[in-house]
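**Q** One structure coming up, written as structure tokens, with questions to follow.
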Amino acid sequence: MTDQSIKALRQIAWHIFQSAVETADPALAMKTALSSSPFPVLTANGKYIVVGIGKAAPAMMREALGQIAGPYTALCITHPENTESAGDAALMYGAHPVPDDTSLSAGQAVADLLAEAGPADQVIALISGGGSALMALPVPGISIADKAKVSELLLGAGIDITQMNLVRQQLSELKGGGFLHHAAPAPVRAYILSDVIGDDLRAIASGPTVAPIGTQEDAREICLQAGVWGELPASVRDHLSRSEVKTQPAPPSENHLIGSNRQSLQAAEKAATDVGSVHVVSDHLIGDVRDAATLLLDAAEATPSSAVSVLLAGGETTVQLTGSGKGGRNQELALHVAVGAEKRGLSGDWIFLSGGTDGRDGPTDAAGGIVDASSLQRMRNAGVDPITLLDNNDSYAALSASKDLLMTGATGTNVADIQCFLISKP
Numbered sequence: 510m511t512d513q514s515i516k517a518l519r520q521i522a523w524h525i526f527q528s529a530v531e532t533a534d535p536a537l538a539m540k541t542a543l544s545s546s547p548f549p550v551l552t553a554n555g556k557y558i559v560v561g562i563g564k565a566a567p568a569m570m571r572e573a574l575g576q577i578a579g580p581y582t583a584l585c586i587t588h589p590e591n592t593e594s595a596g597d598a599a600l601m602y603g604a605h606p607v608p609d610d611t612s613l614s615a616g617q618a619v620a621d622l623l624a625e626a627g628p629a630d631q632v633i634a635l636i637s638g639g640g641s642a643l644m645a646l647p648v649p650g651i652s653i654a655d656k657a658k659v660s661e662l663l664l665g666a667g668i669d670i671t672q673m674n675l676v677r678q679q680l681s682e683l684k685g686g687g688f689l690h691h692a693a694p695a696p697v698r699a700y701i702l703s704d705v706i707g708d709d710l711r712a713i714a715s716g717p718t719v720a721p722i723g724t725q726e727d728a729r730e731i732c733l734q735a736g737v738w739g740e741l742p743a744s745v746r747d748h749l750s751r752s753e754v755k756t757q758p759a760p761p762s763e764n765h766l767i768g769s770n771r772q773s774l775q776a777a778e779k780a781a782t783d784v785g786s787v788h789v790v791s792d793h794l795i796g797d798v799r800d801a802a803t804l805l806l807d808a809a810e811a812t813p814s815s816a817v818s819v820l821l822a823g824g825e826t827t828v829q830l831t832g833s834g835k836g837g838r839n840q841e842l843a844l845h846v847a848v849g850a851e852k853r854g855l856s857g858d859w860i861f862l863s864g865g866t867d868g869r870d871g872p873t874d875a876a877g878g879i880v881d882a883s884s885l886q887r888m889r890n891a892g893v894d895p896i897t898l899l900d901n902n903d904s905y906a907a908l909s910a911s912k913d914l915l916m917t918g919a920t921g922t923n924v925a926d927i928q929c930f931l932i933s934k935p
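Offset between the sequence shown (1-based) and this note's numbering: plus 509.
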């Protein structure tokens, strides 16, 4: 593969990925949603209480406040890397993907604001991915340090986001419908940008405005099956081992889905139509990154010769942490594809990109990775062994050595991940 052909394919892959990200623009999604589902009209003496939570919260908040008619109080919670304005809403930052004291302060601020809501008020929730960690208010007896430990263990156990958020809900005052209890007696309308494959509203930001996914017993079983039960803080094990306390059903809410990974994948497909033959390998790419890499490489090997093929996927994979390295699911998937392609002797010119639409992959400053047939050799030329680094979950170091990190900065949105595999066979 020549440097020129590598550059050309990289530019195409970047364009396809950017098309997917731009389609998930939160302000545009809010504007479209409000055109068909506008804010409810206030009654006498009422006000709007607007709460934005998640990586896309500032853009959603700006659009919402620009269209609101009537008195309001607004609070926006996002991550520090998102430097966008939230209009005149109060702005707070939490931590992601593991909550900390800033997340606790944000969660308490939400609870305090909702406590002011009366029956004449309208609570508007603007929800996007990342909210589980950014806003944290543990149930009594569990500290924020305990919740952080749970998040760290679950993130390293390779379980999917729905299972993870089921556990989080059982430890939270605001998740799994808890937001609705705090807002009562005021009605709640939510506008939700999905980062969860399948768009289960109960799992997005751990479902503040919907019923919980499961029970304490379900959460306990997930932790046992994931092999982390014995490592959980004693306070968490005690809480999940108590008899279920029957609580009142969450008050009703009106929830509107305004954007998703599926919509972004469709935009990527449209952007790729002029490049070559387009095939969506999976719109539900979940599970371990090793299995995902196998699926994508099988599809790449099956592409025809004498043509440019574009293979696309969307989803959210998981990583089983066994080493002490640094990286994220997209970086590790890209490295697995590069290693697998070399082992298989994948022919032709090819580029593989895997990126998080939020611009952050795990606890790193990269959105993911973009690799080609020369990536592993560039790593070796830089003095690192890609296999050793992969075994240590150190994909960031490997991709950094080959200059294959996908760097976008915070995008202000979050609809999970997009994969693009470009291949041109002789």
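Note that CB positions come from ideal geometry on N, CA and C, so glycine has one too.
Since this is a predicted model, take the numbers as computed values, not measurements.
So, helix, strand or coil for aspartate 727, using DSSP?
**A** helix
**Q** Quick one: grab the DSSP three-state call for asparagine 839.
**A** helix
**Q** For arginine 887, which residues of its own chain have a beta-carbon under 8 Å away from its beta-carbon, when the five flanking residues on both sides are left out?
**A** Counting only Cβ-Cβ distances below 8 Å, and skipping sequence neighbours, we find Ala910, Ser911, Lys912, Asp913.
**Q** Under a three-way DSSP split, which group does aspartate 900 fall into?
**A** helix
**Q** Using a Cβ-Cβ cut-off of 7 Å (strictly less than) and excluding sequence neighbours within five positions of leucine 794, which residues of its own chain qualify?
**A** Answer for leucine 794: Ala801, Ala822, Gly823, Gly824, Thr826, Gln928, listed in chain order.
**Q** Between which two residues does the beta strand (DSSP E) holding valine 559 run?
**A** First-last of the beta strand (DSSP E) with valine 559: 557-562.
**Q** Which same chain residues end up closer than 8 Å to glycine 667 when comparing Cβ atoms and leaving out the 5 residues on each side of it in sequence?
**A** Ala735, Asp797, Thr827, Val828, Gln829, Leu830
**Q** Using DSSP's beta-bridge definition, name the partner residues of proline 647.
**A** As computed with DSSP, proline 647 is found in a beta bridge with Ser681.
**Q** Does DSSP classify alanine 538 as helix, strand or coil?
**A** helix
**Q** What's the call for aspartate 900, buried or exposed, on a 16-neighbour Cβ count within 10 Å?
**A** exposed
**Q** Report, in whole angstroms, the separation of the C-beta atoms of leucine 680 and proline 535, which I expect to be a contact under 8 Å.
**A** About 28 Å separates the two Cβ atoms, so there is no contact after all.
**Q** Under the rule that 16 or more other beta-carbon atoms within 10 Å means buried, what is glycine 892, buried or exposed?
**A** exposed
**Q** How is asparagine 674 classed by DSSP in three states: helix, strand or coil?
**A** helix
**Q** Are the Cβ atoms of glycine 785 and alanine 816 separated by less than 8 Å?
**A** yes
**Q** Unbroken beta strand (DSSP E) runs of length 3 or more, entirely within the region 598-638: which are they?
**A** 599-602, 631-636
**Q** Taking glutamine 527 as the reference, give the member of Pro872, Asp867, Ala847 with the closest Cα.
**A** It is Asp867.
**Q** Leaving out five residues on either side along the sequence, give the residues of the same chain with a beta carbon under 8 Å from the beta carbon of leucine 518.
**A** Within the same chain, leucine 518 has close Cβ partners Asp858, Trp859, Ile860, Asp881, Leu931, Ser933.
**Q** Can you check whether the CB of arginine 711 is closer than 8 Å to the CB of valine 722?
**A** First, the amino acid is wrong: residue 722 is isoleucine here, not valine. Yes, Cβ-Cβ distance for isoleucine 722 and arginine 711 is below 8 Å.
**Q** Are the beta-carbon atoms of glutamine 725 and glutamate 682 separated by less than 8 Å?
**A** no
**Q** The ligand ATP and glutamate 572: does any heavy atom of the ligand fall closer than 7 Å to the residue's C-beta?
**A** Questions concerning the ligand ATP fall outside what the structure shown contains, since it holds no ligand whatsoever.
**Q** Nearest CA to the CA of arginine 954: which residue from Lys658, Asn554, Leu820, Ala776?
**A** There is simply no residue 954 to check, as the chain begins at 510 and stops at 935 in what is shown.
**Q** Identify which residue in Trp738, Pro895, Pro761 has its Cα closest to the Cα of lysine 852.
**A** Pro895
**Q** Under 8 Å between the Cβ atoms of tyrosine 700 and histidine 788?
**A** Their beta carbons are not under 8 Å apart, which means tyrosine 700 does not touch histidine 788 by this criterion.
**Q** Expressed to the nearest angstrom, what Euclidean distance is found between the alpha-carbon atoms of lysine 540 and methionine 570?
**A** 11 Å
**Q** Please classify histidine 588: does DSSP put it in a helix, a strand, or coil?
**A** coil
**Q** Is the CB-CB distance between leucine 664 and proline 606 below 8 Å?
**A** yes
**Q** Assign isoleucine 722 to one of three DSSP states: helix, strand, or coil.
**A** Of the three classes helix, strand and coil, the one that applies to isoleucine 722 here is coil, per DSSP.
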